[in-house]
Every structure is written in C-alpha cells, then in structure tokens.
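Colleague: FYI, the numbering for the first sequence is 1 to 232, going by this note's numbering.
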Amino acid sequence: MSGSSSEQLLEFFEALLAAYGPQHWWPGQTPTEIVVGALLTQNTNWKNVERAIARLRQADLLDWRRLHEIESDRLAEVIRPAGSYNVKARRLKNFVVWLFDRFDGRLEALAEMPIEEARAALLTVNGVGRETADAILLYALGRPVFVVDAYTARVLWRHRLIDDDAGYDQIKEFLESALPVSAALFNEYHALLVEVGKRHCRPRPQCEGCPLERFEHHATATGRSAAAADDS
DNA sequence: GACCAGGCACATC
DNA sequence: GATGTGCATGGT
Numbered sequence: 001m002s003g004s005s006s007e008q009l010l011e012f013f014e015a016l017l018a019a020y021g022p023q024h025w026w027p028g029q030t031p032t033e034i035v036v037g038a039l040l041t042q043n044t045n046w047k048n049v050e051r052a053i054a055r056l057r058q059a060d061l062l063d064w065r066r067l068h069e070i071e072s073d074r075l076a077e078v079i080r081p082a083g084s085y086n087v088k089a090r091r092l093k094n095f096v097v098w099l100f101d102r103f104d105g106r107l108e109a110l111a112e113m114p115i116e117e118a119r120a121a122l123l124t125v126n127g128v129g130r131e132t133a134d135a136i137l138l139y140a141l142g143r144p145v146f147v148v149d150a151y152t153a154r155v156l157w158r159h160r161l162i163d164d165d166a167g168y169d170q171i172k173e174f175l176e177s178a179l180p181v182s183a184a185l186f187n188e189y190h191a192l193l194v195e196v197g198k199r200h201c202r203p204r205p206q207c208e209g210c211p212l213e214r215f216e217h218h219a220t221a222t223g224r225s226a227a228a229a230d231d232s
C-alpha cells in the first residue's frame, strides 16, 4: 500500500496537473453567468451551453433582473441549444424568483452566510441538486466546496479511494477532509478529474496513456454512474 | 443510428 | 431507499 488518502490525492492532483495543465473552468466570467451555466450544463455537453449563453448575452439576459422579468417561454427559446430547454427555463426562473424572494436578487448574500447554510438554501430550489449547488458555491462564489460528479466517483473508485456504494455527500466529505481546504485547489482538481474521466475513465476504461495509470487501480470498471444514493 | 454530455425531479416498486 | 424515466440539443 502507498501512503494516506491525503498523500495519494495530492499525488493524483500533481500528476493530472502535470499532464493537462490548469483547466480554467469558468475563467473571467461573472457569478451570474456561472450560475446560469451551472443550471444549463445539467446532463449537457458544455459546447451547447456556451451557445445558449452566447444567445443570452446577445439578448442582454445575463442579468438577474432581466431574467426575472422575462417570460419562461421566451427564455426557453433563447436557451434552446442547451437542450431540455423547457425544463431548464423553468429551473432558471425558479432560481431567479427564489433569489429575489429570499435575497432581494443579491447573489452575494450566499457568500455572506455559513457554507452549510448557503448549501441548504440552494438545495430548496427546484432544479438545484447537490452537484449544481456545489458548483455554484465553488465556481460562482469561491467557497471551498468539492464538486462531485460521475467522473469523480468513477476515478476515485477505480483507484480504490472510495467504495463503489459511496454516496454523493460521502465522497464530498472524504475529499474535503483529506485535502487542504482551498477553493482554488477544489476548483482545479474537479476540472482535472472531469478531464481524465472523459479521456480514460468512461464506463469502459481506456487506460493507455492515462496520467494515473501508474497508480494502483481496479483492472476493470463497473458501469457505476454517479453518487446516486442519499447518505444522510 | 446509437451514444454521450460538467443532473434533476418525479413516479414507482 | 433504490431504481427507472423524461427532458432534448448537437457532436462523435
């Protein structure tokens, strides 16, 4: 066996960063745009989300007040390239209405309260699940929360760092307790896990050339998708 | 033509 | 509490 989980996770991070470099997820974008992107990217290719965001910008809709005012049907038409546009228009509206009702349209309010409180508040919004809530906290608000997704779970399971039945919150807590608490680190690490996951850790793994190939791992991967279960 | 993508809510067992 | 399904576009 090699060292502790903490050491192993840091070694993985170094290996991934050396191989792929910084991923620059959500660089230079406004918190508003990041929140919108987090909602639009649900089960959707990022390229399609970029198209939808470009259309929103074109329509001058990357603004909470404008989003609050617009009709859901018209919003759906604008974000069409993101797919599932009727559902996503509803979710965007849910979020914006909630933001005005509860925080007077001030996203910053979420940066001013304890993390767990902000997370619990976000989770009350219909359309905001754990991954989206955590993406908002980390990428839009710079709070040190680890975003777990299907790739995160699969990569960590393949390298024997988590059980195959670990739930979302369990994986999140494992990462947050094993790593230095740093938004910058969590940001980069999550993006790197997605990158290595896409290239090498699909349900059918392609280990050749994987930056993590030299580390211990299961010979085969299951088709395990994400952190499905609740673990409270 | 399948299969996938930076999920989630809801129904059903 | 686990599993299945609809949402829907655009790339490979």
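Beta carbons: idealized from backbone N, C-alpha and C, even for Gly.
1) Which whole runs of the alpha helix (DSSP H) in the region 4–81 are 4 residues long or more, in chain order?
2) Taking just the CA atoms, how far does residue 153 sit from residue 197?
3) Taking residue 93 as the reference, give the member of 30, 31, 70 and 108 with the closest Cα.
4) Counting only the same chain and skipping the five closest in sequence on each side, list residues whose C-beta sits under 8 Å from that of residue 44.
5) Roughly how many angstroms separate the alpha carbons of residue 5 and residue 215, rounded to a whole number?
6) Apart from the five residues just before and just after residue 33, which ones in its own chain have a Cβ nearer than 7 Å to its Cβ?
7) Measuring straight from C-alpha to C-alpha, what distance separates residue 12 and residue 212?
8) Measure the beta-carbon distance from residue 179 to residue 185 and round it to whole angstroms, keeping in mind my assumption that it falls under 8 Å.
9) Could you give the uninterrupted runs of the beta strand (DSSP E) lying entirely in the region 85–115, keeping only those of 3 residues or more?
10) Secondary structure at residue 126, three-state DSSP: helix, strand or coil?
11) Considering only their Cβ atoms, is the gap separating residue 96 from residue 46 smaller than 8 Å?
12) Locate the alpha helix (DSSP H) running through residue 174, then write down its first and last residues.
13) Around the Cβ of residue 58, are there at least 16 other Cβ atoms within 10 angstroms (buried) or fewer (exposed)?
14) With residue 217 and residue 160 assumed to form a contact (beta carbons below 8 Å), what rounded beta-carbon distance in angstroms separates them?
Modeller: In brief:
1) 5–20, 31–40, 46–58, 64–69 and 72–78
2) 10 Å
3) 70
4) 82, 83 and 84
5) 13 Å
6) 53 and 62
7) 7 Å
8) 6 Å
9) none
10) coil
11) no
12) 168–178
13) exposed
14) 7 Å
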